[in-house]
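Data first, discussion second: the structure below is written as structure tokens.
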Amino acid sequence: MDEVTIRPFGEEDFIRVSEILAQSFQDKFGRLSRVEPERMSSLLKESGILHDLPFPGYFVAELHKRVIGVIMLKWLGQRRPPQAKCPKKRTKWMERHRLRFGLFLLGRRAEEGACYIQYLAVAPEARRSGAGTALLSEARVFASSRRFDTMMLYVASINRRAVSLYTKMGFRRTRIIESGITHRFFGIREWWLLELELLPPGMQSPEDK
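Take the position in the sequence shown, starting the count at 1, then add 47; the result is the number in the numbering used here.
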């Protein structure tokens, strides 16, 4: 099997990354914006949801020199570069407003000492390539080097593929939250907080030995 490589996000990756996110979260984004799939990439950029400039904690996965996955991390006190302005927008103001509002409902504030996984997505055709595991491994090394205590994210309890991936990487469920608001907007009532305790750089977890 060819090896997946991980590298920092570059400006030239933006279009491909927006395509991957649009494909991976089409159900979620589509419910919010009511935008057809072929316009979703433009909406992600013009709404400011997806960053088009590099910053620490923003990585892509490559296979055969093609980007197939992305992970974006956030934490308290993080500084990101300002978004490049779109001179002419191709999406409607209401579409952008709906998307921002809906993702605000889904968004979670990173906790003190924690590195939060904001997005992790792999292209549908590459979901058995090991890209998700490779991206999480890179994120774990990054977070450990930054002296974070834990990595964390909220995931829908019905998303069994994601739960399985994170569990295999050592994440544990530490909290269950029920939300009537997200149930109304997305059909998802139950969310799990998954956390991974990080070790200092140079130390191995039992799973790695």
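From the three backbone atoms N, C-alpha and C, an ideal C-beta is built for every residue, glycine too.
Based on the DSSP output, what are the partners of residue 166 in its beta bridges?
-> 119
Using the DSSP secondary-structure output, state which residues sit across from residue 54 in a beta bridge.
-> 107
Taking C-beta to C-beta, are residue 182 and residue 106 nearer than 8 Å?
-> yes
Spell out the partners DSSP gives residue 224 in its beta bridges.
-> 238
Name, in chain order, the residues that DSSP records as bridge partners for residue 194.
-> Residue 194 is not bridged to any residue.
Those residues which DSSP pairs with residue 185 across a bridge | For residue 185, which the question treats as bridged, DSSP gives no partner whatsoever.
Measure from the alpha carbon of residue 163 to the alpha carbon of each residue in 224, 56, 125 and 204, then state which is nearest.
-> 125
In three-state terms, what does DSSP make of residue 200?
-> strand
Sub-8 Å separation of residue 53 and residue 117 beta-carbons = no
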